[in-house]
Amino acid sequence: MSAAQTGPSAVREATRAHARGLTETLAAAFVDDPPLCWILEEPDRAIRQERLETFFGPMVRGAIANGLALHTPGSSAVTLWRIPGRIHPGFFETARALPYLRRALGSGGQRAKTVGDTLKDHAPDRAYWYLQFAGVAPDAQGKGLGSKTIRAGLEQARAAGYPAYLEAAKPGNVAIYQRLGFRIVDEWDIPGGGPHFWGMLYG
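Residue numbering for the sequence shown follows numbering that gives the first Met the number 0, beginning at 0 and increasing consecutively.
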């Protein structure tokens, strides 16, 4: 798979050499994300971001190895994709990720499991490319980099003959994804007082 482009905001496929930058960008972008705030229950924003860096490490490495990670120069915008047949981590990927996730989630492990199980229950019953995470560094937001990076992944999904799917937990993000061609196909609340989600499909 290739996303090679040219120019100052070119979207490229990430490798393990880029993993740290991708992780830092996603942690900063998701520090106020409703599901992750609910899972972590960490009021200190700086500590929450530090824990999210630990959380996103295995997510980034998993996408690079078993899907597609796209980014713009300096990793200012990042998307992590999982592809058909590799949507969910396998045994060895899970085993490698567990120590990091336990450290990141702390007492929120059960809440994280509830979120994960509920997302699986609402996932499409067809093959699709999964936009697992999309984030832009705070100082790079509002420049269209996130949309550009998402479009690059959508082009590859379309070329491979698959739709794309994501979950959104912010109304503002739903509107952004709708402008990119996604449509709402499902809505639900996480049991136990968790956040509201929209399931969205492209193609």
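Yeah, the Cβ is synthetic: ideal placement off N, Cα and C, and Gly gets one too. Note that this is a predicted model, so its numbers are computed, not measured.
Report task. Kindly indicate which three-state DSSP category methionine 0 falls into: helix, strand or coil? Result -> The predicted model places methionine 0 with a pLDDT of 49, which falls under 50 and marks its position as unreliable; any figure quoted below should be read in that light. Coil.
Requested in this report: Quick one: residues in its chain with C-beta nearer than 8 Å to the C-beta of threonine 24, no 5 flanking neighbours on either side, listed in chain order?
Outcome: His70, Ser74, Ser75, Ala76, Val77, Gly134, Val135, Ala136
**Report entry** Selected residue, minimal CA-CA separation from leucine 79, among Ala174, Lys142, His17
**Finding:** His17
**Report entry** CB of valine 184 within 8 Å of CB of glycine 198, strictly
**Finding:** yes
Query raised in the report: Just to confirm, are tyrosine 123 and tyrosine 176 a CB contact at a threshold of 8 Å?
Result: Looking at the sequence itself, residue 123 is proline, so the reference to tyrosine does not match. Cβ distance not < 8 Å, so proline 123 and tyrosine 176 don't count as in contact.
Report task. Identify whether alanine 9 lies in helix, strand or coil by the three-state DSSP scheme. Result -> coil
Report task. Could you give the DSSP three-state label for aspartate 32: helix, strand or coil? Result -> coil
Query raised in the report: Could you give the uninterrupted runs of the alpha helix (DSSP H) lying entirely in the region 95 to 161, keeping only those of 4 residues or more?
Result: 108 to 121, 144 to 159
Query raised in the report: Short check: CB of glutamate 12 to CB of alanine 62, under 8 Å?
Result: no
Query raised in the report: For aspartate 32, which option in Gly171, Leu144, His121 has the closest C-alpha, if you only look at C-alpha atoms?
Result: Gly171
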